[in-house]
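In UniProt numbering, the protein residues as written are 1 to 211.
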């Protein structure tokens with residue numbers, strides 16, 4: 001009886017396989033799920049200054065000083081000449097958050113956290129490579145009373161998938177929050193805009209939250 005059942009099973013399996021192939025069905029094909037739409041969104045602006053007397057972003061960790069032939073390379077020249085992807089560099093920031101794009105608009109909090117250049121692609125990589133300057137973000141938006149969200153925070157984490165980590169757009173995960181944002185979930189899009197000087201940089205932060 002068991003042999004008969006096994007033979008029947010194998011026959012049915014063969015028939016189903018033939019039918020599937022005839023219909024153009026591909027086994028184990030991935031069908032993206034229907035993702036929920038965000039319930040609401042808002043935008044704020046993070047103002048950053050690097051390499052000026054009023055720094056709000058600093059490079060806390062860079063490569064050690066090294067030697068190439070008879071030339072001694074400082075941290076900065078090593079980064080520029082021998083580490084085109086800035087791999088291993090860690091930045092720490094405490095940037096003002098503003099209600100509007102101008103840096104002198106109403107301050108609604110601070111963005112505090114860090115970013116790590118963790119993609120070791122060199123300048124000779126093809127332009128199709130994902131992220132010639134890959135950046136891993138981990139930071140928290142801390143809102144003040146002026147924002148109407150006092151004592152509330154949002155936490156973001158993720159990797160910048162853009163080829164240009166300075167002027168590209170990053171999409172990060174919204175990991176959660178506190179205060180009015182307890183149990184928040186969603187994502188954030190960050191677009192970088194270079195200011196009038198090389199020392200100034202603005203990040204346009206659009207938050208999408210699913211209740």
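From the three backbone atoms N, C-alpha and C, an ideal C-beta is built for every residue, glycine too.
Following the DSSP letters along the chain, one finds residue 157 inside the beta strand (DSSP E) bounded by residues 152–159. Residue 152 is positioned such that its CB atom lies closer than 7 Å to that of residue 179.
Between residue 47 and residue 202, the C-beta spacing is below 7 Å.
For the set 193, 137, 111 and 208, the Cα lying nearest the Cα of residue 119 is the one of 137. The C-beta distance from residue 43 to residue 205 rounds to 6 Å, short enough to fall under 8 Å. Of the residues assessed, residue 34 falls on the exposed side of the cut-off, its CB having fewer than 16 other CB atoms within 10 angstroms.
About 5 Å separates the beta carbon of residue 114 from that of residue 92, a gap short enough to meet the 8 Å contact definition. In the structure shown, the three-state DSSP call for residue 181 is helix.
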